[in-house]
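Residues in the sequence shown are numbered consecutively from 43, following my numbering. The beta-carbon is built from N, C-alpha and C at its ideal position, and this holds for glycine as well. All values reported here derive from a predicted model rather than from experimental measurement. First comes the structure, then the notes that go with it.
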Amino acid sequence: MTPLKEECLRLPGLIDCHVHFREPGGEQKETMATGARSARAGGVLTVCDMPNTSPPTVTVTALEDKVRRAAQVKDCDIRFFFGATKREHLDELKRLWTDQKLHSLKARCAGLKVYMDHSTGNQGMEESLIPEAFKLCAELSIPLVAHCEDPEINRRATEELKQKDITAHSLMRPPESEERAVARVIELASQYGTHTHATHISSRDAMTLIRTAKANGVPITCDVTPHHLFLTIDDYAKLGTLAKMNPPLRSIRSAAHQSALWAAITDGTVDCIASDHAPHTLAEKQTADILKAPSGVPGVETMLPLLLTVAAGKWPGPKLQATNYKLQVEDIVRLCFTNPNRIFSLRAPSGDRVEVKMSEEWVIHGNALHSKCGWTPYEGWKVVGKITPL
Ligand code: NCD
Ligand code: ZN
Ligand code: ZN
């Protein structure tokens, strides 16, 4: 990071290690080209794209196709996670990692993504296969990224549900679900020695489990998303289904989930911030049956501005407010560049590639952002820091 004048900084191009660019199969929501343009405008120059596309990235052929498409995209370096729901997908991953002829393809793959429960795209892994995935990744030193929600707890919570409004989504996927899945992932990481990365951690007690596991030497890292850092269930009132994502927004009254995430950033339990950029069209989101609206929010372009606002000592929102949360620009570089670069062996360049003017304030508008989906959960929010890719 290079300070120029007092209010003008230069940073490396950031890394967002969790995005869904939807190509192939979901081009009405986003394409690699539009996703990359959005990333670049937000100071993000390397992304790791998730496998829940259509077809899903569960074969060498599907990965080859994605890598071929990404080669045409200049705005951002797109890497890919492999997915697996069945044994034959793990066989394909093994072939990718061990066949010398696939060496350059393997270099584009950041690791394996395991969904402990279904999320958008129904990539939940067969229960009996989960330990095998951890074993294989340990043997071949493949980073394993886990979406941590427990299918059994989610199923039961959904059955017991009385509520019919959108707040039901948070009750259907309660904090205990994440906690149980994180406990399982820690157990497996510790048993097999797999380098495990728990993504989009959203709740207090799951974070506590990760903190303790790290202290005990378990090879686990984690990330949190901007939406869990800046939104809570109170935002359903204004956003409705636009605030629907997995894991869901949490309460700040039943437990201090959001402040626990910020505390975990401060004490180093959180390794990365990643957007989980998951665009859907407005028409898809604003369906009459709120429980059928797809889960996911866009965020690759707004991540850095939201974080820079906190670095400027302010809380983003319809009005800039004061905040007690502390974040330095150096922390943003560590969380959104240095750590993901190391964890996923991405070798993204560390030279200055983004300029930030901290003296400028601006207002986020979905139609001015570059994602194809054309909306943002932060509509009308004031932020600090004008971003210019160099
Ligand atoms: C993601 C999507 O839409 O692909 N949705 C979400 O709510 N986060 C899937 C995921 O990351 O779980
Ligand atoms: Zn997920
Ligand atoms: Zn995701």
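CB-CB length for residue i against residue j, believed under 8 Å
i, j, result
"E218", "P289", "Actually they do not touch by this definition, with Cβ atoms about 11 Å apart."
"A225", "F176", "That pair is no contact at about 14 Å."
"T73", "R121", "At roughly 17 Å, the Cβ-Cβ gap does not stay under 8 Å, so T73 and R121 are not in contact."
"H322", "G338", "6 Å"
"V61", "G84", "Between G84 and V61 the Cβ distance is about 11 Å, and since that is not below 8 Å, they are no contact."
"R395", "P419", "At roughly 27 Å, the Cβ-Cβ gap does not stay under 8 Å, so R395 and P419 are not in contact."
"L186", "L132", "The pair is not a contact, with the Cβ atoms about 11 Å apart (cut-off 8 Å)."
"P391", "I57", "The Cβ separation is near 11 Å, so there is no contact."
"V260", "H242", "Not really, about 19 Å apart at Cβ, beyond 8 Å."
"A302", "R389", "Not confirmed; about 33 Å, so no contact."
"Y367", "W304", "5 Å"
"H407", "R79", "Not really, about 16 Å apart at Cβ, beyond 8 Å."
"P93", "G125", "3 Å"
"G55", "P98", "Not quite, the Cβ-Cβ distance comes to about 28 Å (not below 8 Å), so this is no contact."
"V109", "R150", "5 Å"
"T95", "P66", "6 Å"
Residues near residue i in its chain [Cβ-Cβ closer than 7 Å; skip 5 each side]
i, result
"A353", "L369, Q370, V371 and I374"
"E168", "T127 and K128"
"Y157", "Q165, G166, M167 and H189"
"I275", "T209, S212, L291, R292 and S293"
"F272", "L348 and P358"
"Q205", "L213"
"K256", "I262 and T311"
"S244", "E220, H270, P289, R292 and H299"
"F386", "C59, C90, A152, G153 and P185"
"W404", "V425 and K428"
"E49", "K399, M400 and S401"
Residue-chain proximity (residue i, chain C), Cβ-Cβ < 8 Å
i, result
"K128", "Given the protein chain composition of this structure (a single chain), no chain C is represented."
Contact set for residue i: own chain, Cβ-Cβ below 8 Å, skip 5 residues either direction
i, result
"S296", "none"
"W139", "K148, L182 and I184"
"P268", "I315, S317, G341, T344, M345, L348 and L349"
"Q363", "K356 and W357"
"E421", "I406, H407 and G408"
Run of the alpha helix (DSSP H) containing residue i, from where it starts to where it stops
i, result
"S146", "H145 to K148"
"Y234", "P217 to Y234"
"P98", "First-last for P98: undefined, no H or E at that position."
"K177", "I172 to L182"
"Y278", "Y278 to L281"
"L132", "R129 to T140"
"V352", "M345 to A353"
"V375", "V371 to V375"
"N366", "Per DSSP, N366 belongs to no alpha helix (DSSP H) and is neither H nor E."
"R79", "M74 to A83"
"T323", "No alpha helix (DSSP H) contains T323, which DSSP labels as neither H nor E."
"W304", "H299 to T308"
"S212", "A210 to M214"
"R197", "P193 to E201"
"I385", "N381 to I385"
Extent of the continuous beta strand (DSSP E) to which residue i belongs
i, result
"M400", "D394 to V405"
"F123", "D119 to G125"
"H189", "L186 to H189"
"H60", "L56 to V61"
"K424", "K424 to P431"
"K155", "C151 to Y157"
"T88", "V86 to D91"
Residue i Cβ short of 7 Å to ligand 4 heavy atom set
i, result
"G166", "Ligands present in the displayed structure are limited to ligand 1, ligand 2 and ligand 3, and ligand 4 is not among them."
Other residues of its chain near residue i: CB distance less than 6 Å, five sequence neighbours each side excluded
i, result
"I307", "none"
"F63", "E72, M74, G77 and D91"
"K428", "K399 and E402"
"K414", "E72 and T76"
"T101", "E134"
"H237", "P185 and P261"
"I332", "I208 and T283"
"T329", "A335"
"V115", "M74, A75 and A78"
"W417", "L324 and G408"
request  = May I have all residues whose beta carbon comes closer than 6 Å to any heavy atom of ligand 3, sorted in chain order?
outcome  = Applying a distance threshold of 6 Å between residue Cβ atoms and the heavy atoms of ligand 3 selects H60, H62, M92, D318 and A320, given in chain order.
message = So within the region 228-273, which uninterrupted alpha helix (DSSP H) runs reach at least 4 residues, ignoring any that extend past its ends?
response = Scanning the region 228-273 for uninterrupted alpha helix (DSSP H) segments of 4 residues or longer gives 246-257 and 268-272, listed from N- to C-terminal end.
key: Within 5 Å of ligand 2: residues by beta-carbon to any heavy atom   = Counting only residues whose CB is nearer than 5 Å to a non-hydrogen atom of ligand 2, the list in chain order is S161 and H189.
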